[in-house]
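In my numbering, the protein residues as written are 849 to 1277.
Worksheet for the structure shown next.
So this is what it looks like as structure tokens:
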């Protein structure tokens, strides 16, 4: 299998690109390409170049890399144009789930919903609106790619060996990894916390009914701080942006009407509908989040401490305890097993807690990083794998995955050249 060096760089870019972004077109933003009914802006390219530089710790991007990043942007637009031609559809609930997944990742990366809202200068609801269009395009493109390639690309041992022989000096080193398992318990909202939030929401609602200005009350009381500064304004939105209970109430209101209190996973809301334009509605809200009483946290921490003692005294095993108590459904039936986790995927709190643990030892209860739905976990360090140069003997599965993706990308390039014949493309870059 003959592979040239420049294509490997192109392939590695493919892996890193298309992290969700939120930006607006600036005045004078140059159009670099027109693809079907879509465009690539200079700001699109600049964003992806900055992302690549950050991820690879580069101070500048070479013209060759910039050109390859642009070509990958162009490829994605071409695939999307073909997806539109083929009438590829994505269900509203699929978009909603993906939006929630993306928001969750953003929260994990930045540490809290409040931090996400501060960084982007808008509420979580508005962030979803900003992400939705680009996400819909990407999901349609991905659906078409899966239809064409998923499971179809196979590599043999010979392919893997040839790939490694050609690129062993170009492949990045394997980062330090921890083989981990965990027992996770989500923080429960207590009846006392719900009652406190409900009482506050009812007091605010009484003030609204007595004539106090909604916007002023939102500024002073709403726990959705990003929208509170604007009087709780959420702007215009379509269905599918907000959680079910919120949206069901919103779409029953008349213009100018204020709802009763509405309970969601976030707390209690008071919603006001301000305008309707076709499928779009303009609303504002006041959120009273559930308070977090220390007594609830201590109850969970105490339980996990007791569970750790039982495991260490061999009254039960970590695996049995995970199956019985862990609320992480993706790992509990595997004894809490998480597999190998690269060091840069661990938040600082977790890393500090486990970096000095010996193999087969268990951490103290740790608070997870999400602010709203945080929980607590015990982490077991099964093994530590130091950073090392990738080898076939130690990293065969990693190399096989890279070889498979590389081969799939090569086949995709040929496919894109074919579909270019059916899509309008005007490159100005």
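The C-beta atom is built at its ideal place from N, Cα and C for all residues, glycine as well.
All values derive from a computational prediction rather than experimental measurement.
- One alpha carbon belongs to residue 1163, the other to residue 1156, and they sit about 10 angstroms apart.
- The beta carbon of residue 940 sits closer than 8 angstroms to those of 1087 and 1088, all from its chain and outside the five residues before and after it, given in chain order.
- With respect to residue 1166, residue 1228 sits close: the two C-beta atoms are nearer than 8 angstroms.
- Restricting attention to 1041, 1006, 975 and 1188, the CA atom closest to the CA of residue 954 is found in 975.
- Between residue 1056 and residue 1136, the C-beta spacing is not below 8 angstroms.
- Annotation: residue 1051 to residue 946 spans about 36 angstroms, alpha carbon to alpha carbon.
- Here the C-alpha atom of residue 1024 lies approximately 31 angstroms from the C-alpha atom of residue 1035.
- Residue environment analysis places residue 1033 among the buried positions, since at least 16 neighbouring C-beta atoms fall within 10 angstroms of its C-beta.
- Around the Cβ of residue 1168, a 10 Å sphere holds fewer than 16 other Cβ atoms; the residue is exposed.
- Three or more beta-carbon pairs separated by less than 8 angstroms are not found between the segment 1097–1104 and the segment 989–998, which leaves the two stretches without contact.
- Less than 8 angstroms separates the beta-carbon of residue 1271 from that of residue 926.
- Only exposed fits residue 1208, as fewer than 16 other CB atoms lie within 10 angstroms of its CB.
- Residue environment for residue 923: buried (at least 16 other C-beta atoms within 10 angstroms of its C-beta).
- In the DSSP annotation of this structure, the continuous segment of the alpha helix (DSSP H) that includes residue 954 starts and ends at 940–958.
- In the structure shown, the three-state DSSP call for residue 1095 is helix.
- The segment 1056–1069 makes no contact with the segment 1089–1096; the number of CB pairs closer than 8 angstroms stays below 3.
- The segment 1074–1084 makes contact with the segment 1118–1132; the number of CB pairs closer than 8 angstroms reaches 3 or more.
- The three-state reading of DSSP puts residue 1163 in coil, since its state is none of H, G, I, E or B.
- Between the segment 901–909 and the segment 951–967, the count of C-beta pairs closer than 8 angstroms stays below three; the two stretches do not touch.
- Bounds of the beta strand (DSSP E) holding residue 1227 are 1223–1233.
- Beta-bridge analysis with DSSP links residue 1210 to 1228.
- For residue 920, the uninterrupted alpha helix (DSSP H) run begins and ends at 911–933, by DSSP.
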